[in-house]
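Residue numbers (my numbering): 2 to 210.
From the three backbone atoms N, C-alpha and C, an ideal C-beta is built for every residue, glycine too.
Quick caveat: nothing in here was measured; it's all calculated off a predicted structure.
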């Protein structure tokens, strides 16, 4: 699907606030996101995935099973609350990432906490605040990978940042097949990171694309 298509996202990382649905001054969780994140960052193709409004470019979700491709089951995203239920584009997710990096929507101290290991997952991966933090050999080089995935009926997504390369990889799909998606992400990772390494070794020091 093209980067302009709108896709539902699951697993948004603002769950504690979303549990209350309203801030102390009575602002709804949805309006809080609009006013404090989406609008300031210019995320014009991101919002709550209400099923009744006609949203231009919204992609339909599909599932893949033994019989092939089928329509995903309907889910009223109001049940997700702060745990997901948003739609977005690849471009908007890149804006969201840049907003975090530039400390436009959270403080530098909060950003540091996000990227500080809190819980050990396995030998190479910890969990920070809202991010998986992986460190080890990735595509032939010692790297860090800070990422989060999402998924649900008919959708799957990943946003991964590689600090040493200053590279962001965002993938979204409207076919929920974990194996194919993970394989595609691995191929994309190799293409981007190995290409970055090749450009670093270019004698004239110029990037070709």
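Segment contact, 8 Å Cβ cut-off, at least three pairs: the region 42–57 with the region 88–106
In this structure the region 42–57 touches the region 88–106; the number of beta carbon pairs closer than 8 Å is three or more.
Within 8 Å, strictly: CB atoms of residue 132 and residue 104
It is not a contact, given that the beta carbons lie outside the stated cut-off.
Spell out the partners DSSP gives residue 66 in its beta bridges.
Per DSSP, 69.
For residue 209, which residues of its own chain have a beta-carbon under 6 Å away from its beta-carbon, when the five flanking residues on both sides are left out?
Residue placement at residue 209 is flagged as unreliable, the pLDDT there being 38, under the threshold of 50; the coordinate-derived value follows with that caveat. Non-local beta-carbon contacts of residue 209 in its own chain, meaning distances under 6 Å to residues more than five positions away in sequence, are absent.
Flag this pair as touching only if the region 105–122 and the region 59–68 have three or more C-beta atom pairs under 8 Å; answer yes or no.
Put simply, the region 105–122 does not touch the region 59–68. Fewer than three CB pairs are less than 8 Å apart.
Residue 95 lies in the alpha helix (DSSP H); which residues open and close that run?
Here the alpha helix (DSSP H) through residue 95 covers 91–102.
Residue ranges of each beta strand (DSSP E) within the region 108–140, 3 or longer:
Scanning the region 108–140 from its first residue to its last, the whole beta strand (DSSP E) runs of 3-plus residues come out as 126–128 and 133–139.
Is it right to say residue 157 is buried, meaning 16 or more other beta carbons lie within 10 angstroms of its own, or is it exposed?
Around the beta carbon of residue 157, 16 or more other beta carbons sit within 10 angstroms, so the residue counts as buried.
Residue closest to residue 93, alpha-carbon to alpha-carbon, out of 118, 166 and 47
Nearest option by C-alpha distance: 47.
Close beta carbons around residue 195, own chain, < 6 Å, minus the five adjacent residues each side
140.
Residue 147, buried or exposed, once every other Cβ within 10 Å from all chains shown has been counted against 16
Counting other Cβ atoms within 10 Å of its Cβ, residue 147 reaches 16 or more and is therefore classed as buried.
Buried or exposed for residue 190, please, with buried defined as at least 16 other CB atoms from any protein chain shown within 10 angstroms of its CB.
Per the 10 Å Cβ criterion, buried.
Would you kindly report the start and end of the unbroken beta strand (DSSP E) that includes residue 52?
Counting along the chain, no beta strand (DSSP E) covers residue 52, and no H or E run does either.
So the candidates are 117, 137 and 45; which of them puts its Cα closest to the Cα of residue 128?
Residue 117 is the option with its Cα nearest to residue 128.
Is residue 178 near residue 65, with beta carbons less than 8 Å apart?
Contact check for residue 178 against residue 65 passes: the beta carbons are separated by less than 8 Å.
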